[in-house]
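Asks:
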Amino acid sequence: DTGVSQNPRHKITKRGQNVTFRCDPISEHNRLYWYRQTLGQGPEFLTYFQNEAQLEKSRLLSDRFSAERPKGSFSTLEIQRTEQGDSAMYLCASSRDGSNYGYTFGSGTRLTVV
Amino acid sequence: EDQVTQSPEALRLQEGESSSLNCSYTVSGLRGLFWYRQDPGKGPEFLFTLYSAGEEKEKERLKATLTKKESFLHITAPKPEDSATYLCAVPIYNQGGKLIFGQGTELSVKP
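Protein sequences, first through last, are from chains A and B.
Residues -12 to 101 in the working numbering are what the first sequence lists, from first letter to last.
Residues 378 to 488 in the working numbering are what the second sequence lists, from first letter to last.
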């Protein structure tokens, strides 16, 4: 068990470009969550998958954001036409149904839009 | 509206100076509260889960407690390596178990 893996760790992109992040959860975890965190704030929920089904999306997730989890394994988060306000740390977490042990987070992808 | 609030935003302690961090919450039907530690540039690291008022959990110099309205993270005789941001979060089970986080308390322990 290598924990939750996120790639890349850092991404610098020009405004207007598209970016894609990947998250590999703990293999036996069926739930996967994406969060966004800005400096000095706690993580904010973006979206959630149970297996391959995307069951909830936050109002924070504009139409420029899309997430997938094909076959209930890894997940990708794509941001189209990036804006400077998208600069943040994007965190992925996974858990088992009814987990009593919290949610395991990855180290995040730091996005900087210039 | 479900909400989690942490105080203080920042706390500076001398090594060995004990203190407490606060997490207050307003959620319907609390089914647990999590504490995490987050180091700069890293994801949150799970510390504790508390389920019911009166429950306490301990790990090294940290002890977490829970009441019906708030949770405390007590730090006894802290060391510089305890410096980090401490986050509390509440799962919302009728919304897929997503976590609602507080804004965190940034703890700095000076030698």
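Cβ coordinates follow ideal geometry from the N, Cα and C atoms, glycine included.
This one's a predicted model, so the numbers in the text were calculated from it and none came from an experiment.
Would you give the residue range spanned by the beta strand (DSSP E) that K1(A) belongs to?
Replies: Your numbering for residue 1(A) matches position 14 in the first sequence. Looking at the DSSP string, K1(A) is not in any beta strand (DSSP E), and its letter there is neither H nor E.
Asks: Using a C-beta to C-beta distance shorter than 9 Å, which residues of chain B count as neighbours of Y77(A)?
Replies: Position 90 of the first sequence, counting from 1, holds the residue named residue 77(A). Result: empty, since nearest Cβ-Cβ is about 10 Å, beyond 9 Å.
Asks: Please give me, in chain order, every unbroken run of the beta strand (DSSP E) with length at least 3 that falls completely inside the stretch 426 to 453 of chain B.
Replies: List check, beta strand (DSSP E) in window: 433 to 436, 439 to 443 and 447 to 452.
Asks: Taking C-beta to C-beta, are T462(B) and G481(B) nearer than 8 Å?
Replies: By 1-based counting over the second sequence, the position of residue 462(B) is 85. By 1-based counting over the second sequence, the position of residue 481(B) is 104. A contact, by the Cβ cut-off of 8 Å.
Asks: Return the first residue and the last residue of the beta strand (DSSP E) that K487(B) is part of.
Replies: Within the second sequence, numbered from 1, the residue matching residue 487(B) stands at position 110. From DSSP, the beta strand (DSSP E) with K487(B) extends over T482 to K487.
Asks: What residues in its chain sit with their C-beta under 7 Å from that of S396(B), if we drop five residues either side in the sequence?
Replies: As a working note, residue 396(B) is residue 19 in the second sequence. Once the five neighbours on either side are set aside, the close Cβ partners of S396(B) are L388, L390 and I452.
Asks: Residues of chain A with a CB under 8 Å from the CB of K475(B): which are they?
Replies: Against the second sequence, residue 475(B) aligns to sequence position 98. The contacting residues are Y20, F32, Y35 and E43.
Asks: Alpha carbon to alpha carbon, how far is K440(B) from G3(A)?
Replies: Within the second sequence, the letter at position 63 stands for residue 440(B). Within the first sequence, the letter at position 16 stands for residue 3(A). So the two alpha carbons sit approximately 47 Å from each other.
Asks: Give a yes or no on whether 8 Å exceeds the smallest Cβ distance from K419(B) to chain E.
Replies: Absent from the structure: chain E. Protein chains present are A and B.
Asks: Any Cβ of chain A within less than 8 Å of the Cβ of T426(B)?
Replies: Looking up residue 426(B) in the second sequence gives position 49. It does: the Cβ of T426(B) has a partner Cβ on chain A nearer than 8 Å.
Asks: Does the distance from the C-beta atom of S74(A) to that of L98(A) stay below 8 Å?
Replies: Residue mapping note: residue 74(A) aligns to position 87 of the first sequence, counting from 1. Residue mapping note: residue 98(A) aligns to position 111 of the first sequence, counting from 1. Their beta carbons are under 8 Å apart, which means S74(A) touches L98(A) by this criterion.
Asks: If you reduce the DSSP assignment to three classes, tell me which class P468(B) lands in.
Replies: Locating residue 468(B) in the second sequence gives position 91, where the first residue counts as 1. Residue state, collapsed to three classes: strand.
Asks: Sorted by chain position, which residues of the same chain lie with C-beta nearer than 8 Å to E39(A)'s C-beta, five sequence neighbours on each side aside?
Replies: The count along the first sequence starts at 1 and reaches residue 39(A) at position 52. Closer than 8 Å at the Cβ level, and outside the excluded window around E39(A), lie R56, P57, K58 and G59.
Asks: Output needed for L48(A): all residues of its chain with C-beta closer than 7 Å, excluding positions within five of it in sequence on either side, in chain order.
Replies: Locating residue 48(A) in the first sequence gives position 61, counting from the first residue. Closer than 7 Å at Cβ, skipping near neighbours: L33 and T34.
Asks: Using the beta-carbon of each residue, which ones in chain A are nearer than 9 Å to F423(B)?
Replies: Residue 423(B) sits at position 46 when you count from the first residue of the second sequence. Here the neighbours are Y88, G89, Y90, T91 and F92.
Asks: With respect to the beta strand (DSSP E) encompassing Y22(A), which residues constitute its N-terminal and C-terminal limits?
Replies: The count along the first sequence starts at 1 and reaches residue 22(A) at position 35. Element bounds for Y22(A): R18 to Q24.
Asks: Does Q67(A) have its Cβ less than 8 Å from a Cβ in chain B?
Replies: As a working mapping, residue 67(A) is identified with position 80 in the first sequence. Chain B contact via Cβ: absent.
Asks: Just reading off the beta strand (DSSP E) that T63(A) is part of, what are its end residues?
Replies: On the first sequence, position 76 is the one that residue 63(A) refers to. First-last of the beta strand (DSSP E) with T63(A): S62 to I66.
Asks: From this set, F61(A), I66(A) and V101(A), which residue's C-alpha is nearest Q(-7)(A)'s C-alpha?
Replies: Here residue -7(A) corresponds to residue number 6 of the first sequence, with the count starting at 1. For the residues F61(A), I66(A) and V101(A), the minimum Cα distance to Q(-7)(A) belongs to F61(A).
Asks: CA-CA distance, E432(B) and Q67(A)?
Replies: On the second sequence, position 55 is the one that residue 432(B) refers to. On the first sequence, position 80 is the one that residue 67(A) refers to. Roughly 45 Å between the two C-alpha positions.
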